[in-house]
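J.:
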Amino acid sequence: MVTLNAPYVAGFLGFREAPPLLQALEKLKNVQPNLMPQVLFVDGNGLFHYREFGLACHLGVLSDLPCVGVAKNLLHVEGVVRSEEHQSQVRVMPECQGTLYLLYLTCLFLK
1 MVTLNAPYVA
11 GFLGFREAPP
21 LLQALEKLKN
31 VQPNLMPQVL
41 FVDGNGLFHY
51 REFGLACHLG
61 VLSDLPCVGV
71 AKNLLHVEGV
81 VRSEEHQSQV
91 RVMPECQGTL
101 YLLYLTCLFL
111 K
């Protein structure tokens, strides 16, 4: 359990959530350096943040590790639109435990 000291401010999640993640990485580095990741996958946006610098970017810069943002929701991003065609390319695979979404991205969704 982690206590977050910074208040939630929309659009500034990186400032709230990066410090405990960095502490966890530092602890891992000190305790079991052989398990340090070569890349991070983060529950949050990276470049697809409306300020083009979400939690994934924030954490990547501060940790000096490549970081990929895997967000649950698409924030407003210039040039990326939601459409019925986009929705038709998302398949739900119910046979898995939990829900697994497969998304096929193409350049069709860019203006």
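For reference, each letter of the sequence shown is one residue, going 1 to 111 in full-length UniProt numbering.
Built from N, CA and C at the ideal position, the CB exists for glycine as well.
Just so it is clear, the structure is predicted and the values come from calculations on it, not from any experiment.
Helix, strand or coil: which one does DSSP assign to residue 112?
T.: There is simply no residue 112 to check, as the chain begins at 1 and stops at 111 in what is shown.
J.: Give me the residue from 32, 84, 26 with the minimum Cα distance to residue 62.
T.: For the residues 32, 84, 26, the minimum Cα distance to residue 62 belongs to 26.
J.: Grouping DSSP H, G and I as helix and E and B as strand, with all else coil, what is residue 40?
T.: DSSP places residue 40 in strand when its eight states are reduced to three.
J.: Run the CB neighbour count on residue 24, radius 10 Å, all protein chains shown included, and call it buried at 16 or more, exposed below.
T.: By the neighbour-count rule (16 or more Cβ atoms within 10 Å), residue 24 is not buried but exposed.
J.: With distances taken Cα to Cα, identify the nearest neighbour of residue 54 among 8, 34, 15.
T.: Among 8, 34, 15, the Cα nearest to that of residue 54 belongs to 15.
J.: Leaving out five residues before and five after residue 19 in sequence, what residues of the same chain have Cβ atoms less than 7 Å from its Cβ?
T.: Result list for residue 19: empty, nothing under 7 Å.
J.: To the nearest angstrom, report how far apart residue 31 and residue 45 are at their CA atoms.
T.: If I take the Cα positions, the gap works out to 29 Å.
J.: Taking 8 Å as the cut-off, decide whether the C-beta atoms of residue 71 and residue 41 are in contact.
T.: No. Outside cutoff.
J.: How would you label residue 35, buried or exposed, when you count the other beta carbons within 10 angstroms and need 16 or more for buried?
T.: It is exposed - the Cβ of residue 35 has fewer than 16 other Cβ atoms within 10 Å.
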